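Enquirer:
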Amino acid sequence: MNDSTPLGRLAQRRGVRQFVKFALVGLTGLAVNLVIFTLLQRVVPNHAGSVEFTAIYSVAFLSGGVSNYFLNRAWTFRSTGHLGREGLSFLTVSVLALIVGLLVSAAIAPELGRGHKTWFISTVAGIVVNFFVNKYWTFRTVS
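Written as structure tokens, this is what we have:
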């Protein structure tokens, strides 16, 4: 890409490159999340609906978050910070994003049901907050 074009200059900005990498890592976490969600949806009996959905959504979301942490640490932000501190910060941000997702799912589930559409919209809801909080808090030493 030509660096003299506005798009070329934008692509050279570190924050933009990090966001693109964060999004690509997020896709892998999304895949982990989807696989776990789908497997648990088939295994966990669905009697009351809401409780089971919340539990399997949470397990799947946090599973994707764990894989995202290690990939973002190594590739997106190239961090050499303290593994435990960063991991705890990333987990805290993941829980915050999870809460956002659960609030969104509670709002849209009555209309869309508790299936994959609700899962997808709820998961996407936390992406931007997740990126910026992780960039400027979790990985602040390399941001």
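The sequence shown begins at 11 in this note's numbering and counts up one residue at a time. Glycine included, each C-beta is placed from N, C-alpha and C at the ideal position. Since the model is a prediction, treat every value here as computed from it, not as a measurement.
Taking only the alpha-carbon atoms, compute the straight-line gap between S89 and Y79 and give it to the nearest angstrom.
Expert: 11 Å
Enquirer: So, is the C-beta of S89 closer than 8 Å to a C-beta in chain C?
Expert: Absence of chain C from the displayed structure is noted, only one protein chain being present.
Enquirer: Under 8 Å, with one C-beta from each stretch per pair, do the segment 60–76 and the segment 40–49 reach the 3-pair mark?
Expert: yes
Enquirer: Does the separation of the CB atoms of F32 and T86 fall below 8 Å?
Expert: yes
Enquirer: Hey, would you say I118 sits closer than 8 Å to T133, going by beta carbons?
Expert: no
Enquirer: With a CB to CB cut of under 7 Å and the five nearest residues on each side skipped, what residues in its chain are close to T148?
Expert: For T148, where only same-chain residues beyond five positions count, the Cβ hits under 7 Å are E96, S99, F100, V103.
Enquirer: Output the residue ranges of the alpha helix (DSSP H) runs that lie fully inside the segment 92–151 and measure 4 residues or longer, sorted by chain position.
Expert: 93–122, 126–134, 137–143
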